[in-house]
Amino acid sequence: MTAIKDGEYTATIYKLIKDSQYVEAIHILNGQLQKHTKSRAALSLLGFCYYHIQDFTSAAECYEQLTHLHPEVEEYKVYYAQSLYKAGAYPDATKASFVLDNPSSHTKMVKLQACIKYCEEDYSAAKSLLEQLPQDDPDYVYNMGCLLYQDGKYEEACKKFMSAMQVLGYVPALSYNIALTYYSLKNYAQALKYIGEIIERGIREHPELSVGMTTEGIDVHSVGNTLVLHQTALIEAFNLKAAIEYQLKNLKGAQEALTDMPPRSEEELDPVTLHNQALVNMDTKPSEGFEKLAFLLQQPSFPSVTFGNLLLLYCKHEYFDLAADVLAENAHLTYKFLSPYMYEFLDALLTCQTAPEEAFRKFDEMNGKLTEQLRKLAKQVQEARLARDDEAQKKALQDYDLMQEKYIVVLMSQAKIYWNRENFQVVEKIFRKSVEVCNEDDTWRLNVAHVLFMQNKYKEAIGFYEPIVKKHYDNILNVSAVVLANLCVSYIMTSQNEEAEELMRKIEKEEEQISYDDPDKKVFHLCIVNLVIGTLYCAKGNYDFGISRVIKSLEPYNKKFTGRRFQPSSNSLWRRSASTSARTPSPTRPGCSRLYSTM
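If you're matching positions, the sequence shown starts at 1 in UniProt numbering and goes up one per residue.
As structure tokens, then:
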């Protein structure tokens with residue numbers, strides 16, 4: 001930085017602050033403070049700059065000195081308490097807030113203490129404090145919405161946030177809270193509407209935040225964790241958008257939502273973003289994902305779903321010893337972050353490794369309880385329908401869907417015990433017992449198809465594969481290549497060769513379109529289908545046709561061969577492709593940012 005002439009320090013510092021160049025201003029102010037250790041102006045401006053770059057601990061230190069040097073200035077006491085609160089030093093912030101108990105700052109004290117209690121998860125105390133405020137105070141309405149949300153009363157919370165918005169006008173954090181309530185109600189369209197508004201305004205009003213630049217491949221510098229960034233609610237909005245795309249199984253959309261964020265270096269990332277990055281990139285970068293989730297567990301605060309997601313992902317990737325170690329080393333987190341269902345499920349999964357029969361019994365007990373709850377919920381749905389109570393029916397249906405998802409997760413884990421033993425008859429019996437609950441679920445139907453296929457019951461397998469394929473016929477490549485290959489084999493084995501050829505032509509047509517739209521993109525659906533069919537014919541003794549299919553699967557060679565070597569497999573290609581196990585759908589989901597109260 002160019003040397004500053006005497007007499008120009010004040011103008012230079014204020015210009016830097018005006019231009020939001022807080023780091024440069026801090027550098028100059030610290031130099032001045034070394035010369036004038038009790039300078040009120042330097043300390044006040046330093047506190048302001050530290051606050052704006054979200055370094056609340058340093059801001060609190062500045063304001064603490066000012067409260068001692070100038071005890072008559074009430075604002076410094078407010079800023080000190082508020083900085084401690086923002087720094088997460090809740091006991092110290094509470095202590096500092098009691099100094100504000102005078103007529104001019106009493107309301108600020110109550111609001112601050114309510115925020116502190118909320119962050120400490122003492123919701124009853126937060127509510128008691130808020131009730132001291134006038135009910136027409138927008139902050140009362142806003143923060144009561146936060147408490148209602150925390151209590152799971154999402155519709156009531158949404159109404160409170162809407163009321164606050166009518167008084168306060170557009171506030172990014174408030175729009176985010178409304179979006180979050182819609183997300184929790186599974187009304188993703190409405191949630192995305194509010195998210196879209198936050199992003200649109202953020203781009204228009206703050207082009208310097210470089211939204212979307214990283215996704216487009218433009219090399220941009222970190223924008224840092226400034227107060228401006230925090231006030232736009234862009235980070236929260238993009239995290240929530242990623243969560244919605246993830247729930248809708250649009251993994252690419254979830255990844256793009258995270259890269260669309262204003263750019264920050266990895267050490268600047270907040271816990272929610274770090275967690276979500278780990279989750280959406282788990283298929284391609286599992287080691288990085290595990291490292292990030294394990295790192296978060298060592299931090300003072302982290303998204304509440306981190307612990308459960310790490311354990312589930314370890315189990316999904318079959319790192320059962322690591323999952324058991326994490327569970328044993330973090331017993332204190334078990335009761336806080338794992339629901340009874342999640343704990344029982346993980347316990348049964350880990351038991352599978354040493355005592356599969358005992359694990360089967362545990363899964364059976366779990367599904368017995370879940371079946372009973374499903375019957376009760378089905379009755380509630382019916383009663384609400386007869387009473388023409390749309391709201392009650394909607395709520396009961398949502399609860400039923402959630403319970404059914406839990407049931408299927410347990411069922412698939414239970415079936416997998418016998419699948420791994422290749423006892424497909426028992427697996428089929430397990431699935432048939434669950435027809436009443438699962439017959440409309442695609443995961444269940446797909447795994448029923450697999451187990452029928454493995455028993456050479458091709459005609460029955462077609463009955464389960466076909467509806468899944470037809471459902472996605474316009475986007476056939478969204479269907480797993482294994483499913484398409486198994487359906488083609490089933491057609492051939494039941495002398496329906498024309499249907500197999502038609503399906504293969506459809507796959508070929510879509511792959512050609514992708515090659516035209518994106519010449520560098522590699523797609524392998526038809527390759528896998530041809531490999532499976534070729535291997536099938538070879539196994540049946542028709543080597544000429546079988547080998548011709550295997551060769552055809554490798555065309556065009558420049559698209560199908562890469563620099564990586566093929567790894568030999570002890571299984572035949574057909575069996576390997578066909579034997580996709582009845583995997584447990586991992587109920588992992590991105591965490592959402594907490595609802596933060598206004599000050």
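Even for Gly, the Cβ is constructed at its ideal location relative to N, Cα and C. Computed from a prediction, not measured in an experiment: that's the story for all the values here.
Query: Same chain, Cβ closer than 8 angstroms to SER301, five either side skipped, listed in chain order; Result: GLY88 and PRO271
Query: 8 angstroms contact criterion, which GLY145 and ASN177 should meet: CB distance rounded; Result: 7 angstroms
Query: Rounded separation between LYS362 and ASN530 - CA only; Result: 42 angstroms
Query: CB-CB length for VAL141 against ALA114, believed under 8 angstroms; Result: Going by Cβ atoms, the distance from VAL141 to ALA114 rounds to 13 angstroms, so no, they are not a contact pair.
Query: Rounded separation between GLY217 and TYR491 - CA only; Result: 45 angstroms
Query: Exposed unless 16 or more other CB atoms sit within 10 angstroms - verdict on PHE98; Result: exposed
Query: Limits of the alpha helix (DSSP H) - the one that TYR149 falls within; Result: 138-150
Query: Identity of the residue in ARG375, ARG385, TRP419 and LYS416 nearest MET403 by Cα; Result: ARG375
Query: Among GLU236, LEU129, THR494 and MET493, nearest to LEU269 - alpha-carbon criterion; Result: GLU236
Query: Buried/exposed call for ALA439, threshold 16 Cβ in 10 Å; Result: Here the sequence assigns Asn to residue 439, which means Ala is not the residue at that position. By the neighbour-count rule (16 or more Cβ atoms within 10 Å), ASN439 is not buried but exposed.
Query: Contact under 8 angstroms by Cβ, THR232 with PRO172; Result: yes
Query: Nearest candidate by alpha-carbon position, reference SER83, set TYR543, PRO71, SER105 and HIS52; Result: HIS52
Query: Residue from SER20, GLN21 and GLN32 with nearest C-alpha to PHE8; Result: It is worth fixing the name first, because residue 8 is Glu in this sequence and not Phe. Here the closest residue by C-alpha is GLN32.
Query: Outcome for GLY541 when other beta-carbon atoms lying within 10 angstroms are tallied against a minimum of 16; Result: exposed
Query: Option nearest ARG549 by Cα separation, candidates GLU131, LYS336, GLU200 and GLY534; Result: GLY534
Query: For LYS252 and GLN190, the rounded distance between their alpha carbons; Result: 21 angstroms
Query: Contacts around SER20, its chain only, beta-carbon distance under 6 angstroms, and the 5 residues preceding and following it disregarded; Result: none
Query: Beta-carbon gap between ALA449 and TYR465 smaller than 8 angstroms; Result: yes
Query: Rounded separation between ILE462 and VAL469 - CA only; Result: 10 angstroms
Query: Burial state of SER222, where buried means 16 or more other Cβ atoms lie within 10 Å; Result: exposed
Query: Buried or exposed (CB count within 10 angstroms, at least 16 for buried), LEU554; Result: exposed
Query: Alpha carbon of SER434 to alpha carbon of PRO467, nearest angstrom; Result: 19 angstroms
Query: Endpoints, the alpha helix (DSSP H) within which THR371 is located; Result: 356-386
Query: CB of GLY212 within 8 angstroms of CB of ASP283, strictly; Result: no
Query: Beta-carbon separation (whole angstroms), PHE431 vs ASN447, contact threshold 8 angstroms; Result: 7 angstroms
Query: Secondary structure, alpha helix (DSSP H): runs of 4+ residues fully inside the segment 432-489; Result: 435-438, 442-454 and 458-471
Query: Local conformation of GLU8 per DSSP, three classes; Result: coil
Query: For LEU293 and GLU120, the rounded distance between their alpha carbons; Result: 23 angstroms
Query: Every unbroken beta strand (DSSP E) inside the UniProt repeat "TPR" (40-73) [3 residues or more]; Result: none
Query: SER124 classed as buried or exposed, judged by whether at least 16 other C-beta atoms fall within 10 angstroms; Result: exposed
Query: Any non-hydrogen atom of the ligand ZN within 7 angstroms of ILE430 CB; Result: Questions concerning the ligand ZN fall outside what the structure shown contains, since it holds no ligand whatsoever.
Query: 6 angstroms CB neighbourhood of LYS47 in its chain, flanking five on each side removed; Result: For the sequence presented, residue 47 should be read as Gly rather than Lys. Closer than 6 angstroms at Cβ, skipping near neighbours: ALA59, CYS62 and TYR63.
Query: Cα-Cα separation between TYR90 and TYR80, rounded to whole angstroms; Result: 12 angstroms
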